[in-house]
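Residue numbers (our numbering): 5 to 326.
Before any comments, here is the structure.
Here it is in structure tokens:
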């Protein structure tokens, strides 16, 4: 990643303060701006405070303080000086910018009928999440996710911060492009939070393969059926299953002949099987493979790949990937 990509997030008058951090773009994970509070950056899973000099420090007393003017300037800049044009994204609480980076937003919520969110005003908190596309992280898993050239329904189980979306994205790319275990397939991605493809103005900023179609910023349950009706995918990919409606949509997708690739938060298959909306999924063996991710010594690992009986696949060896 080039430092210019980070600097362009900020208006001209703020860029000098970010020069040194931008030079460490490959280590940078998050930038948090909160009105009248210290500026924090997350690099290599470690929090730092930004100083006026552009250096970083562990001492909060040395931190630069975000002003209301600066927050408004950043937001106006990334909206190309037309916040109204980005109203739909702001309403969802986040927006995606060039490079696939995502900005989370908080402020005063304006409600309409039935307590639906109409808009967010007085935005005073920004979480700039820096996208890092890492290709090849799924390569070692591929031989366990195919059966005679056919993709197996796969659920990725991961605690927060273990790279599940990175793994999902790379599997989408591999399934779409094709590899030594199976030919390329048409893949439909329901990118509810714009994190998989990182689309900006509808164009994916991440490499998700030549045969992939993306439905961006759409709820999973509605999006799966929309893709099936419109794009006839052979594989459907979604991030973060979280409701009975998501599960019902997956059942419909399987009945339509689609293969499934999904993720869910969890520390183990046993924990996931205890979620009310997942009990029947596990019992009915909807997924043919379970990939369990975890972290050891601050490194993301594929802890294990299990079959539909939840038995560790033979010949699998734990593998680090980030």
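Beta carbons are placed, not taken as given, at the ideal position from N, Cα and C, and that holds for glycine.
Following the DSSP letters along the chain, one finds residue 174 in no beta strand (DSSP E) but inside the alpha helix (DSSP H) bounded by residues 168-181.
Taking a 10 Å sphere around the C-beta of residue 210, we find 16 or more other C-beta atoms and assign the residue as buried. With a 10 Å radius around the Cβ and a threshold of 16 neighbouring Cβ atoms, residue 115 comes out exposed. Among the bridge pairs identified by DSSP, residue 80 is matched with none.
Membership of residue 255 in any beta strand (DSSP E) is not indicated; the residue belongs instead to the alpha helix (DSSP H) covering 248-259. Counted as a single uninterrupted DSSP element, the alpha helix (DSSP H) harbouring residue 227 occupies residues 224-235. Counted as a single uninterrupted DSSP element, the beta strand (DSSP E) harbouring residue 239 occupies residues 239-242. In the three-state reduction of the DSSP assignment, residue 99 falls in the strand class.
For residue 127, the enclosing beta strand (DSSP E) begins and ends at 121-133. Beta-bridge analysis with DSSP links residue 38 to 129.
Here DSSP, grouped into helix, strand and coil, assigns residue 52 to strand. Going by beta carbons, residue 39 and residue 25 fall outside the 8 Å limit. In the three-state reduction of the DSSP assignment, residue 284 falls in the helix class, which pools H, G and I.
Residue 162: member of the beta strand (DSSP E) spanning 158-162, first to last residue. Rounded to whole angstroms, the separation of the alpha carbons of residue 292 and residue 149 is 9 Å. For residue 266, the enclosing beta strand (DSSP E) begins and ends at 263-269.
For residue 273, the uninterrupted alpha helix (DSSP H) run begins and ends at 273-277, by DSSP. The beta carbon of residue 249 sits closer than 6 Å to those of 225, all from its chain and outside the five residues before and after it, given in chain order. Per the Cβ contact rule, the stretch 9-25 is in contact with the stretch 43-61 (3 or more Cβ pairs under 8 Å). Nearest neighbour of residue 253 by Cα position, chosen from 176, 290, 217, turns out to be 290. Nearest Cα to residue 201 within the set 171, 262, 274: 171. Here the stretch 227-235 makes no contact with the stretch 271-282; the two share fewer than three CB pairs at distances below 8 Å.
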